[in-house]
Amino acid sequence: MSFPLLRLPLLCLEEIIQEYDVYELVFLAQSSKRCYRLVRQLCRSIKAMSVMIGAIRHVTFEPKREHWFFTQDKSEEKRISAMYNFGQYFFSSGQHIDLTMKSMIEYFLELFRCPINEVKINIDFIYNTLDFGFTQCKRIEYSGLRYMDHQSLDYLFRYFRVTDVMNIAVPIHHNFYFDPKIFNSRTVMFAVQSCQWIGYFVFLEFDHIENLGLIAPAFEKRATITYLSRWLASESTVLKRLGIQHKATAEELRFTRHLPMEFSRLCRKDGVKAIILEDPSLVMFKTSPKEF
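If you use our numbering, the sequence shown corresponds to residues 71 to 362, in order.
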């Protein structure tokens with residue numbers, strides 16, 4: 071039986087497909103090989119995806135803000151079902167939930183030919199090294215409360231190629247070591263419990279990062295000042311922004327929170343200019359070639 075929609079002119083088909091929601095697009099693409107090719111070639115309404123892996127696993131499609139949730143149905147191993155409910159989509163399968171999600175992400179990437187902008191991973195709900203079905207994204211955030219073993223953390227940090235931002239907020243043992251070169255995005259930020267392994271000499275190995283943020287690393291403020299003195303005497307143009315919150319006592323924080331931060335302007339021999347803001351526990355650095 072022919073599908074009347076396919077008899078329309080190509081431009082009409084293209085406009086109709088842009089109005090479809092994700093569920094309708096997937097349903098149409100699975101109707102036949104020809105429908106799959108049409109959706110793949112004509113769909114422009116899905117610009118990017120975001121992936122959440124935690125207690126709830128779902129994919130968000132941009133700019134529609136439609137969510138596709140993944141659940142596991144243990145009642146029948148071979149049963150696969152999709153359900154639409156109040157603007158949300160639920161995909162159930164007898165397979166392990168991570169295998170189901172991996173398969174569908176690969177399918178979405180192939181069908182919509184769009185990038186993955188943002189990934190959020192809660193390590194409290196990851197118990198094995200996973201194949202996520204994709205390796206590249208613009209932004210990634212690792213969160214969680216439990217300590218993960220070194221091998222698993224190293225796998226997670228190496229797995230993704232991140233172009234813009236890595237935000238790491240997971241507890242890391244102070245005796246762990248990771249090659250700083252595996253943190254390959256332009257911006258890398260470590261939260262308070264994630265910095266215990268970053269001593270001064272490890273910090274020096276982050277010389278390939280444009281924007282770096284650390285909270286309570288394993289070195290003192292004077293080491294940060296020494297580092298900025300080295301930058302002033304160098305010709306490095308990689309570092310753009312640096313923010314380091316050092317450990318401070320409650321009394322120090324209470325005494326200094328209402329005081330203005332000290333302000334310094336630097337200019338290197340090669341003409342690169344920078345601004346430094348500091349108080350007893352915080353150092354903020356930013357290159358500013360157009361200021362002064």
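The beta carbon of each residue, even a glycine, is placed where N, CA and C say it ideally should be. Keep in mind that this is a model prediction, so the values were computed, not measured.
Should T257 be labelled buried (16 or more other beta-carbon atoms within 10 Å of its own) or exposed? T257 is buried by the Cβ-count criterion.
Does DSSP put M218 in a helix, a strand or coil? Three-state DSSP puts M218 in coil, outside helix and strand.
Just to confirm before moving on: does the CB-CB distance between F178 and M119 stay below 8 Å? Between F178 and M119, the C-beta gap is smaller than 8 Å, which places the two residues in contact.
Specify, as a first and last residue, the run of the alpha helix (DSSP H) that D234 falls within. In the DSSP assignment, D234 falls outside any alpha helix (DSSP H) and lies within the beta strand (DSSP E) extending over 231–239.
Alpha-carbon spacing of A99 relative to L108, whole angstroms: When rounded, the distance between both Cα atoms is 8 Å.
For a quick check, are the C-beta atoms of R216 and D234 less than 8 Å apart? No, these two residues do not count as a Cβ contact at 8 Å.
Between I295, L112, C265, which has its C-alpha nearest L80's C-alpha? The residue with the shortest Cα to Cα distance from L80 is L112.
By DSSP's criteria, S213 is part of a beta bridge. Which residues make up the other side? Answer is N192, A239.
Since K356 and R311 should fall inside the 8 Å C-beta cutoff, what is the C-beta to C-beta distance between them, to a whole number of angstroms? Cβ atoms of K356 and R311 come within 8 Å of each other, at about 5 Å.
Tell me whether the beta-carbon of S222 lies closer than 8 Å to the beta-carbon of I242. It is not a contact, given that the beta carbons lie outside the stated cut-off.
Would you tell me roughly how many angstroms separate the C-alpha atoms of K172 and L200, rounded to the nearest one? If I take the Cα positions, the gap works out to 9 Å.
Tell me whether L78 sits in a helix, a strand or coil according to DSSP, three-state version. Judged by DSSP in its simplified three-state form, L78 adopts coil rather than helix or strand.
What separation, rounded to the nearest whole angstrom, lies between the Cα atoms of I196 and I116? Distance from the CA of I196 to the CA of I116, rounded to the nearest whole angstrom, comes to 28 Å.
Would you mind sorting F289 into buried or exposed? The rule is 16 or more other CB atoms within 10 Å of its CB. Buried: at least 16 other Cβ atoms inside 10 Å.
Closest residue to K134 among D249, V92, S358 (Cα-Cα distance): The candidate whose alpha carbon is nearest that of K134 is V92.
Among G313, L181, F248, Y106, which has the Cα closest to the Cα of Q266? If you compare the alpha carbons of G313, L181, F248, Y106 with that of Q266, the shortest gap goes to F248.
Look at F260 and L226 and say whether their C-beta atoms are less than 8 Å apart. No. Outside cutoff.
Would you call E89 buried or exposed, if buried means 16 or more other Cβ atoms sit within 10 Å of its Cβ? E89 comes out exposed.
Provide the residue span of the beta strand (DSSP E) that contains R311, from first to last. Its beta strand (DSSP E) spans residues 311–315.
Rounded to the nearest angstrom, how far is the Cβ of I123 from that of N192, given a contact under 8 Å? Yes, they are in contact, since the Cβ atoms of I123 and N192 sit about 7 Å apart, within 8 Å.
For P74, count neighbouring Cβ atoms within 10 angstroms of its own Cβ and tell me buried if that reaches 16, exposed if not. Taking all protein chains shown into account, P74 has fewer than 16 neighbouring C-beta atoms within 10 Å of its C-beta and is therefore exposed.
Hey, would you say E305 sits closer than 8 Å to D277, going by beta carbons? Their beta carbons are not under 8 Å apart, which means E305 does not touch D277 by this criterion.
Alpha-carbon spacing of T307 relative to L298, whole angstroms: Answer to the nearest angstrom: the Cα atoms are 13 Å apart.
CA-to-CA distance, G214 to V240, given in whole angstroms: A direct Cα-to-Cα measurement between V240 and G214 gives close to 5 Å.
So V262 packs on I186, CB below 8 Å; how close in whole Å? For V262 against I186, the beta-carbon gap comes to about 28 Å, at or over 8 Å, which does not count as contact.
Expressed to the nearest angstrom, what Euclidean distance is found between the alpha-carbon atoms of F402 and V129? This structure gives no information on residue 402, because the portion of the chain shown stretches from 71 to 362.
Here's the rule I'm using: 16 or more other beta-carbon atoms within 10 Å means buried, otherwise exposed. How should F271 be labelled? Label assigned to F271: exposed.
Assuming I167 contacts T141 under a Cβ cut-off of 8 Å, what Cβ separation, rounded to an integer in Å, is found between them? Confirmed, about 7 Å.
Same chain, Cβ closer than 7 Å to R114, neighbours up to 5 away in sequence not counted: The residues Q88, in chain order, have a CB closer than 7 Å to that of R114 in the same chain once the five nearest residues on each side in sequence are set aside.
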